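Below is one structure; the comments refer to it alone.
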Amino acid sequence: MSDGEKKYWYNSNTSQVEFGFLSPSADRVGPFDTEAEAANAPATLRARSDAWAAEDAREDNWSAETDSDGKS
96 MSDGEKKYWY NSNTSQVEFG FLSPSADRVG PFDTEAEAAN APATLRARSD AWAAEDARED
156 NWSAETDSDG KS
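Throughout, my numbering is defined as the position within the sequence shown, counted from one, plus 95.
This is the structure we're talking about:
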(Lines of atoms letter the chains of each structure in order from A and count residues from 1; the text may use other names and numbers.)
(Lines give C-alpha, C1' and ligand atoms only; values in the text may rest on other atoms or scores of the structure.)
Protein backbone atom coordinates (compact mmCIF):
# COMPACT_ATOMS: atom_id res chain seq x y z
CA MET A 1 0.00 0.00 0.00
CA SER A 2 1.47 3.37 -1.00
CA ASP A 3 1.47 6.39 1.30
CA GLY A 4 -1.11 8.16 -0.89
CA GLU A 5 -3.60 5.42 -0.21
CA LYS A 6 -3.56 6.43 3.46
CA LYS A 7 -4.17 10.13 2.77
CA TYR A 8 -7.09 12.41 2.09
CA TRP A 9 -7.76 13.85 -1.34
CA TYR A 10 -10.05 16.53 -2.68
CA ASN A 11 -12.02 15.50 -5.74
CA SER A 12 -12.17 18.59 -7.95
CA ASN A 13 -14.91 17.03 -10.08
CA THR A 14 -17.35 16.24 -7.25
CA SER A 15 -16.07 18.74 -4.63
CA GLN A 16 -15.93 15.87 -2.12
CA VAL A 17 -13.17 14.71 0.20
CA GLU A 18 -12.03 11.13 -0.32
CA PHE A 19 -9.74 8.80 1.61
CA GLY A 20 -7.33 6.90 -0.59
CA PHE A 21 -7.28 6.48 -4.35
CA LEU A 22 -11.01 6.40 -5.08
CA SER A 23 -11.10 8.67 -8.12
CA PRO A 24 -8.97 9.03 -11.24
CA SER A 25 -5.78 11.01 -10.61
CA ALA A 26 -6.94 13.80 -12.95
CA ASP A 27 -9.77 14.55 -10.50
CA ARG A 28 -7.72 14.36 -7.27
CA VAL A 29 -5.95 17.21 -5.49
CA GLY A 30 -3.60 16.33 -2.66
CA PRO A 31 -2.62 14.38 -0.76
CA PHE A 32 -3.57 15.91 2.58
CA ASP A 33 -2.92 14.57 6.07
CA THR A 34 -6.36 15.40 7.43
CA GLU A 35 -9.91 15.49 6.14
CA ALA A 36 -10.14 19.17 7.14
CA GLU A 37 -7.08 20.08 5.06
CA ALA A 38 -8.55 18.29 2.07
CA ALA A 39 -11.90 20.05 2.51
CA ASN A 40 -10.04 23.37 2.50
CA ALA A 41 -8.24 22.51 -0.76
CA PRO A 42 -10.05 25.08 -2.94
CA ALA A 43 -9.06 27.93 -0.60
CA THR A 44 -5.50 26.60 -0.35
CA LEU A 45 -5.19 26.37 -4.13
CA ARG A 46 -6.63 29.87 -4.56
CA ALA A 47 -4.19 31.34 -2.00
CA ARG A 48 -1.20 29.63 -3.63
CA SER A 49 -2.32 30.74 -7.07
CA ASP A 50 -2.69 34.34 -5.87
CA ALA A 51 0.78 34.21 -4.30
CA TRP A 52 2.33 32.84 -7.51
CA ALA A 53 0.56 35.49 -9.59
CA ALA A 54 1.85 38.24 -7.30
CA GLU A 55 5.37 36.83 -7.51
CA ASP A 56 5.15 36.68 -11.30
CA ALA A 57 3.93 40.28 -11.39
CA ARG A 58 6.86 41.39 -9.23
CA GLU A 59 9.29 39.55 -11.51
CA ASP A 60 7.66 41.01 -14.63
CA ASN A 61 7.97 44.52 -13.19
CA TRP A 62 11.50 44.03 -11.87
CA SER A 63 13.23 45.74 -14.80
CA ALA A 64 10.87 48.71 -14.63
CA GLU A 65 11.67 49.22 -10.93
CA THR A 66 15.45 49.11 -11.28
CA ASP A 67 18.02 51.08 -13.24
CA SER A 68 20.59 49.60 -15.59
CA ASP A 69 22.83 48.69 -12.63
CA GLY A 70 20.01 46.70 -11.01
CA LYS A 71 19.47 49.30 -8.30
CA SER A 72 16.10 50.66 -7.20
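From the three backbone atoms N, C-alpha and C, an ideal C-beta is built for every residue, glycine too. Quick caveat, the model's predicted, so the values are computed rather than measured.
If you compare alpha carbons, which of the options is closest to residue i?
{"i": "glutamate 100", "options": "Ser107, Ala146 and Arg123", "result": "Arg123"}
{"i": "serine 120", "options": "Thr129, Asn106 and Ser110", "result": "Asn106"}
{"i": "glutamate 130", "options": "Ala146, Asp145, Ser110 and Trp147", "result": "Ser110"}
For residue i, count neighbouring Cβ atoms within 10 angstroms of its own Cβ and tell me buried if that reaches 16, exposed if not.
{"i": "alanine 149", "result": "exposed"}
{"i": "alanine 136", "result": "buried"}
For residue i, which residues of its own chain have a beta-carbon under 8 Å away from its beta-carbon, when the five flanking residues on both sides are left out?
{"i": "tryptophan 104", "result": "Val112, Glu113, Phe114, Gly115, Phe116, Leu117, Ser118, Arg123, Val124, Gly125, Pro126, Phe127 and Ala133"}
{"i": "leucine 140", "result": "Val124"}
{"i": "asparagine 108", "result": "Ser118 and Asp122"}
{"i": "lysine 102", "result": "Phe114, Gly115, Gly125, Pro126, Phe127 and Asp128"}
{"i": "glutamate 91", "result": "Given that the chain is displayed from residue 96 to residue 167, the structure contains no residue 91 and the question cannot be resolved."}
In the DSSP output, what is residue i paired with across the bridge?
{"i": "tryptophan 104", "result": "Glu113"}
{"i": "arginine 123", "result": "Asn106"}
Excluding five sequence neighbours on each side, which residues of the same chain lie with their C-beta closer than 7 Å to the C-beta of residue i?
{"i": "serine 97", "result": "none"}
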